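Asker: Position one of the sequence shown corresponds to residue 1 (full-length UniProt numbering), numbered consecutively onward.
Heads up, the beta-carbon is just placed ideally off N, CA and C, and yes, glycines get one too.
Here the structure is a predicted model, which means the values were calculated and not measured.
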Amino acid sequence: MMESMEGLLFEAHVDVVFAGHVHAYERFNRVYNEKADNCGPVHITIGDGGNREGLASKEASFGHGELEMVNATYAKWSWHRNDDGESVQSDSVWLRSLASDPACNK
């Protein structure tokens, strides 16, 4: 998907892309054209994402994610591992809307 959609996602200032599979949880930092880019989307795979380069987080246990829309500028994403008999937060990130970042709206 990244190869075929990346240009469109970047031009549209997409903040986050969620994809799924079944094996692990992975979160990448903002990226565009296979490089770190503060104006690119964050990619979150709730499943198995393949190549490990550039990973910000990887978790190989069952779990669930929570996305809290705080306001028009910020959202908080968190991943919770469920293998411990209770939900344990194992990853989180604050997402700032690219629409609110002047550097990304040239």
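Excluding five sequence neighbours on each side, which residues of the same chain lie with their C-beta closer than 6 Å to the C-beta of T45?
Answerer: Sequence index remark: in the sequence shown, residue 45 carries index 45 (1-based). Cβ neighbours of T45 beyond the five flanking positions: A19 and E26.
Asker: Since F62 and N82 should fall inside the 8 Å C-beta cutoff, what is the C-beta to C-beta distance between them, to a whole number of angstroms?
Answerer: Residue 62 sits at position 62 when you count from the first residue of the sequence shown. Residue 82 sits at position 82 when you count from the first residue of the sequence shown. That belief holds up - the Cβ atoms of F62 and N82 are roughly 5 Å apart, short of 8 Å.
Asker: Is the CB-CB distance between L95 and A72 below 8 Å?
Answerer: As a first step, residue 95 is located in the sequence shown; it is residue number 95 there, counting from the start. As a first step, residue 72 is located in the sequence shown; it is residue number 72 there, counting from the start. In this structure, A72 does not lie closer than 8 Å to L95 by Cβ.
Asker: With DSSP as the reference, please indicate the residues paired to H23 in a beta bridge.
Answerer: On the sequence shown, position 23 is the one that residue 23 refers to. Answer is none; H23 lacks a bridge partner.
Asker: Do T8 and P41 have their C-beta atoms closer together than 8 Å?
Answerer: On the sequence shown, residue 8 is found 8 positions in, with the first residue counted as 1. On the sequence shown, residue 41 is found 41 positions in, with the first residue counted as 1. Contrary to the premise, residue 8 reads as Leu rather than Thr in this sequence. No; because the gap between Cβ atoms is not below 8 Å, this pair is not in contact.
Asker: Take the Cβ of G50 as the centre, count every other Cβ of all protein chains shown within 10 Å, and call the residue buried at 16 or more, exposed below.
Answerer: Here residue 50 refers to the residue found at position 50 of the sequence shown. Low confidence applies here, because G50 scores a pLDDT of 46, under 50, leaving its location unreliable and the question unanswered by this model.
Asker: From D101 to S57, what distance separates their C-alpha atoms?
Answerer: Against the sequence shown, residue 101 aligns to sequence position 101. Against the sequence shown, residue 57 aligns to sequence position 57. Answer to the nearest angstrom: the Cα atoms are 24 Å apart.
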